[in-house]
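Report on one structure; see the data block that follows.
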Amino acid sequence: MLRERPEIRIALAFVLFSSAWILFSDSIMFSVFPDLKDAQIVGTLKGLAFVIATSVILFILIRREQSAQRRKQEEIHALNRLLQSVLDPIEDVLFVIDASHRIRYHTKGALSVADAEVRDGEPLWDLLAPHTTETLRPVVERVVATGREETQEFEEADRRLIHARVYAIPTGACVLLHDVSARKAADDERHRMELEREELLMRLQMHIDRMPIGYMVTDRDFRFVYLNPAAERMFGYSSAELRGKSPYETIVPEEARTAVEQIRREWERGSLSAHTTSVNRTRKGRRLICDWFNTPVLNKEGEFVQLISMVQDVTEMTRMIDALRLSENRYRTLIDRANDGVLTIHDGVFSSSNPSAGRMLGYGEEELVGKRPADISPAFQAEGAPSFTLAQEYMQYALDGNSLVFEWIHLARSGREVVIEVSLSPVEQAGELFLLCLWRDVTQRRQYENDLLESRSRLRALAARLDEVREEERVRLSREIHDGLGQSLTGLKIDVSLLKRAMPREAGEQGNVMEVVASMEHILDDTIAQTRQLARQLRPGMLDEVGISEAIRQYMNEFRQRSGMRVVLELSREEIPVPPRQQLALYRIAQEAITNIVRHADAERVEVQLDIVAGMAMLEVRDDGRGIVSEDLAKTDSLGIVGMSERAELLGGFCRILPRDGGGTVVHVELPLEPEQDSTQSP
């Protein structure tokens, strides 16, 4: 008590000294100054000594107390500085207030919640925002009144979440404000992540339950913990049935146990030998070839805890792969033994080749691989196009999704030119586009074709010459019949007429003689008519006199009279300007077509059309008969059909015989009016 109250100590010391001085001052004075007898002087000296002694004692006591007080103040300042250095770095806001709620101490963080500069001695509520004051003031008043600590959370206007802790001190209270927005956000984020984790686990479980691949978990003792539905269906066991059991007792055959144990020991050591293939068995004893993808689960110490296995039944796939491999071997055997060349092209170069392709050009099996088509070709192809450019165009056309067949001149190793029929088509292998290239050596066939064309050209020249000779002979025979036989028959008819007139009346009265003469006249008339008809058929002289249109019209009129068929003519009223050779060919083809109709068609109506279309003389003969079939056209003994086609082709045209819509046949002929010089003609 006395140490804490220096004023009491000083007053008590003064009282004690004064009392001692009053009681003992006279004895002390007379003992010090025994010869001094004057009372006044003694009293004065006694008072002066009292004052001096009292002053010295008070000075010493006050100086001592001041020194102690300074030491305490320095200690307090040192402690305050230490407290300030400890509290200032913290982010929390600390206010120390007295009982009247005035600030006695604050941390630097107080500026973050104050609306003005913070000064010690000011009321706390003048510095805080109204919303904060409204929340904290009742709490502080209760703490100061009751001395019990309280906490409160509230949200600032800037959306910060503040946690307030108020506790009592002897002189007032401490208000500690802590911004828990980050903690709240972290808690919310942790809660959100927990929800997402639960959702992901639920989705993972759902995927595991629904995926078509078996999913199995075994513990460190290699006993089942979980099977998904796919694994249950695969092996015929439920997850509950296998839980706690060893695979050796269920799905692993006894003969595979040793191999599985060796792999399991590697898993227990943490080895990630993930993929294995083994034979397993189902509940019913059926054997399965399974692909296993195993992942050992280790704890923090690296110890084996669980094994997660994904299993897929590859029994059918294995059989298919074996079948595919067998098929591939067969395919490769067929390709290697094929007489035609089989190659593939990738990025413009040959990427594979069978032996036949190399033999065609005198190369080994793999010597063509890596070469470009232009590398084994002459500089130019038969049409004069550069081989390199033309090959690029053909390959690009095929890569665009088109199939292409063409003939290409290659160079053999010896330099000999080899004509190869090439077939290009796009194929896709492993996601890349290749060209399948098929070769067939047509050099000999091309030589045969050239020889055949030359032979056919000679035959056509011979046929044309024979046709000319035949026509010349027909003209000669027609002229001989018309001029010789016709005149003789005419003279004979005149003689018969004169004989009839010269016969005596008596002979004329004999009926049998006159009948004979009349019969002779009738026979002569028929013979003369047949002779004229034969002469016209051998050489239609009217072609030179009236032209092709009128000649066909007269011929069809005579045909109508002879056959009784309906004839429809679509002929130009004006004469069509057609060269003589073309006129004769059109007339003979029309004759042959009408002859075929009479012989084979069993028709009732015939239509003939003759016109000029785009510089071509066009003739069509149509009937409504039974029609013609492809087998009739393919007969080699159909000389009439062959003759019509040959006549048209000799003049640079064509003749087509087609079935007619609705029944019947159409003979369509087109001949150029000014054909090029026929190479088949003899000079």
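In the numbering used here, the protein residues as written are 5 to 687.
Every residue, glycine too, gets a C-beta built ideally from N, C-alpha and C.
For Ala161 and Pro134, what's the separation of their Cα atoms in angstroms? 10 Å
Inter-residue spacing [alpha-carbon to alpha-carbon] between Ser360 and Leu372: 11 Å
Use the C-beta contact count for His105: other C-beta atoms within 10 angstroms, 16 or more gives buried, fewer gives exposed. buried
By DSSP, does Val625 sit in helix, in strand, or in coil? strand
Can you list the beta strand (DSSP E) stretches of 3 or more residues lying completely in the stretch 360 to 439, in chain order? 408 to 415 and 421 to 433
Just checking, does the stretch 620 to 636 make contact with the stretch 590 to 600 on the three C-beta pairs under 8 Å criterion? yes
Could you say if the stretch 225 to 239 and the stretch 197 to 216 meet the contact criterion of at least three C-beta pairs nearer than 8 Å? yes
Which whole runs of the alpha helix (DSSP H) in the stretch 195 to 224 are 4 residues long or more, in chain order? none
For Phe762 versus Pro377, is the C-beta distance shorter than 9 Å? There is simply no residue 762 to check, as the chain begins at 5 and stops at 687 in what is shown.
Which whole runs of the alpha helix (DSSP H) in the stretch 555 to 619 are 4 residues long or more, in chain order? 584 to 600
Can you tell me where the alpha helix (DSSP H) holding Glu138 begins and where it ends? Pro134 to Thr150
By Cβ distance, which residues of its chain are closer than 7 Å to Leu394, with the 5 residues on each side in sequence left out? Gln385
Can you give me the C-alpha to C-alpha distance between Asp317 and Arg336, rounded to a whole angstrom? 29 Å
Would you mind stating whether Val256 and Arg285 have Cβ atoms separated by less than 9 Å? yes
Restricting to runs no shorter than 3 residues, where is the beta strand (DSSP E) found entirely within the stretch 225 to 307? 228 to 231, 279 to 285 and 291 to 302
Cα separation between Arg420 and Met364? 11 Å
Any contact of the stretch 217 to 227 with the stretch 308 to 323, i.e. 3+ C-beta pairs under 8 Å? yes
Spatial neighbours of Met560 within its chain, please: C-beta separation below 7 Å, excluding the five flanking residues on both sides. Val571, Leu573 and Val612
CB Val147 to CB Glu153, shorter than 9 Å? yes
According to DSSP, residues forming a beta bridge with Leu98: Leu180
For Leu677, three-class secondary structure by DSSP: coil
Proximity below 9 Å, CB of Glu674 to CB of Ala589: no
Taking DSSP's pairing of strands, which residues face Gly644 in a bridge? Per DSSP, none; premise fails for Gly644.
If you run the structure through DSSP and keep just helix, strand and coil, what is Gly512? Caution applies to Gly512, whose pLDDT of 49 falls short of 50 and renders its modelled position unreliable; the value that the coordinates give is listed next. Residue state, collapsed to three classes: helix.
Is it the case that the Cβ atoms of Val143 and Val184 are separated by a distance below 9 Å? no
How would you label Met197, buried or exposed, when you count the other beta carbons within 10 angstroms and need 16 or more for buried? exposed
Backbone CA spacing between Gly512 and Glu525 [nearest angstrom]: The predicted position of Gly512 is uncertain, since its pLDDT is 49 and thus under 50; a value taken from the coordinates is nonetheless stated next. Cα-Cα distance, rounded: 15 Å.
Go ahead and pull the three-state DSSP assignment for Asp445. strand
Segment limits, beta strand (DSSP E) that includes Glu154: Glu154 to Glu159
Short of 6 Å in beta carbon distance, which residues of its chain neighbour Leu662, apart from the five on each side in sequence? Order them along the chain. Val670
With a threshold of 9 Å between beta-carbons, can Cys178 be considered close to chain C, or not? In summary, chain C is missing from the structure at hand, where a single protein chain is found.
Thinking C-alpha only, which one of Gly667, Ala168 and Arg585 is nearest Gln156? Ala168
Quick check: what's the CA-CA separation for Val646 versus Val633? 15 Å
Shortest alpha-carbon distance to Leu654 belongs to which of Ile61, Val617 and Gln586? Gln586
Using the C-alpha atoms, what's the distance from Leu575 back to Leu403? 53 Å
Name the one or two DSSP bridge partners that Phe658 has. Glu674
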